[in-house]
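According to my numbering, the sequence shown is numbered sequentially starting from 137.
Note that the Cβ used here is the ideal one computed from N, Cα and C, for glycine as well.
In this text, all values refer to a predicted model and were calculated from it rather than measured experimentally.
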Amino acid sequence: MSDRRKDPVEGAPIGRRAMLATLAAGAAGLATAPSLQRGWERFLGAASQVDSTGLTGLLPNPGGFRYYSVVGSVPRKDDTDYELRVDGLVDRPKTYTLPELRAMRQTRVVHDVLCTDGWRVENTPFEGVRLADILDAAGVRGEGRAVRFTCLDGAYSENLTLEQARRSDVMVALNMQDKPITHEHGGPVRLYAAPMYFYKSAKWLSGISVTDKVIPGYWEERGYDIDGWLDGEDRHGNDSAA
């Protein structure tokens with residue numbers, strides 16, 4: 137996308153590419169300064185929520201991740217007010233608080249994170265509650281075939297078949313890279329589907345609903361693959377959980 141605005145007559149013109157290059161050069165030095173890197177990540181996360189151009193997704197981050205939001209702002213939640221609603225075709229609907237999720241049995245999965253844009257973060261650890269455990273606690277009814285996920289932003293949604301949702305490498309994630317998931321990374325709770333492209337791992341998770349069929353999510357409605365499998369993944373089993 138080109139910038140067609142006129143530059144001032146006086147002074148050297150600074151186009152969008154030059155601006156990005158300047159920011160990239162500054163960001164490169166952050167890799168050796170963890171505190172600065174965290175500040176840069178917070179900046180990228182905040183900027184992405186008000187960036188209608190998508191340019192913030194092009195800016196480098198020493199941590200490897202890129203930041204995207206489909207709405208202008210997302211409510212921030214914590215231990216005092218976060219809730220995860222489980223409902224739909226289940227016998228025992230339930231709303232979980234963040235402390236309740238932390239008190240449940242935790243699973244750790246280490247896997248590469250890969251985006252459809254091509255960036256990858258290798259050997260990324262996630263920890264949380266297996267989605268299968270949450271579904272078992274709710275009691276999925278016989279007509280249940282899929283799971284729909286909704287998010288705090290009120291716009292994003294995702295889906296998995298019931299078979300996919302019960303894999304041991306699919307979880308309601310509370311930690312990433314051995315730290316609580318930050319708001320910028322989709323916290324305090326996000327979905328994590330290890331064997332799929334990262335768009336399937338819905339950020340700012342607020343709802344899990346069992347349905348009788350797969351309901352296309354936000355990106356699937358815009359042409360993305362309904363399953364989103366990574367190349368080479370075992371689609372009917374896994375041994376990634378620890």
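request  = Can you give me the start and stop residues for the beta strand (DSSP E) that Ala329 sits inside?
outcome  = Arg326 to Ala329
key: Residue ranges of each beta strand (DSSP E) within the region 251-299, 3 or longer   = Whole beta strand (DSSP E) segments, 3+ residues: 256-266, 282-287 and 293-297.
request  = Please report how far the alpha carbon of Gln300 lies from the alpha carbon of Leu310, in whole angstroms.
outcome  = The alpha-carbon atoms of Gln300 and Leu310 are separated by roughly 20 angstroms.
ask   = Can you tell me where the alpha helix (DSSP H) with Asp371 in it begins and where it stops?
value = Per the sequence shown, the amino acid found at residue 371 is Arg instead of Asp. Here Arg371 belongs to no alpha helix (DSSP H), and DSSP marks it neither H nor E.
inquiry  = Between the alpha carbons of Gly364 and Val257, how many angstroms are there, rounded?
reply    = 17 angstroms
request  = Enumerate in chain order the residues of its own chain whose CB-to-CB distance from His319 is below 6 angstroms, with the five nearest sequence positions on each side excluded.
outcome  = Arg212
ask   = In this structure, what does DSSP give as the bridge partners for Glu219?
value = Answer by DSSP bridge pairing, in chain order: Thr233.
message = Using C-beta distances below 8 angstroms, list every residue in its chain close to Gly280, excluding the 5 sequence neighbours before and after it, in chain order.
response = Only Gly224, Leu225, Val226, Leu298, Val346, Thr347 and Asp348 meet the Cβ criterion.
task = Taking Ile344 as part of the beta strand (DSSP E), name the residues at either end of that continuous run.
result = Leu341 to Thr347
ask   = Thinking just about the alpha-carbon of each residue, which of Ser209, Val206 and Tyr218 is nearest to the one in Ser342?
value = Tyr218
message = Let me make sure I understand the geometry here. Which of Ala268, Glu369 and Gly373 has the alpha-carbon closest to that of Val243?
response = Sequence check: residue 243 is Thr here, not Val. The residue from Ala268, Glu369 and Gly373 with its alpha-carbon nearest to that of Thr243 is Ala268.
query = Lys339: buried (16+ other C-beta within 10 angstroms of its C-beta) or exposed?
reply = buried
query = Near Trp355, which residues of its chain fall below 6 angstroms by C-beta distance, leaving aside the five closest residues on each side in sequence?
reply = Tyr335
request  = Helix, strand or coil for Lys213, going by three-state DSSP, please let me know.
outcome  = coil
query = CA-CA distance, Asp253 and Thr233?
reply = Spanning the alpha carbons of Asp253 and Thr233 requires a straight line of approximately 34 angstroms.
query = Can you list, in chain order, the residues of its chain whose CB lies under 8 angstroms from that of Ile351, leaving out five sequence neighbours each side?
reply = For Ile351, where only same-chain residues beyond five positions count, the Cβ hits under 8 angstroms are Ala282, Arg284, Ser293 and Asn295.
message = For His372, count the other beta carbons within 10 Å of its own beta carbon; 16 or more makes it buried, fewer makes it exposed. Which is it?
response = exposed
key: Nearest to Val207 (by Cα), restricted to the options Met332, Asp289 and Arg302   = Cα-wise, what sits closest to Val207 is Asp289.
ask   = If you draw a straight line from the alpha carbon of Arg238 to that of Val325, how long is it in whole angstroms?
value = Their backbone Cα atoms lie some 10 angstroms apart in a straight line.
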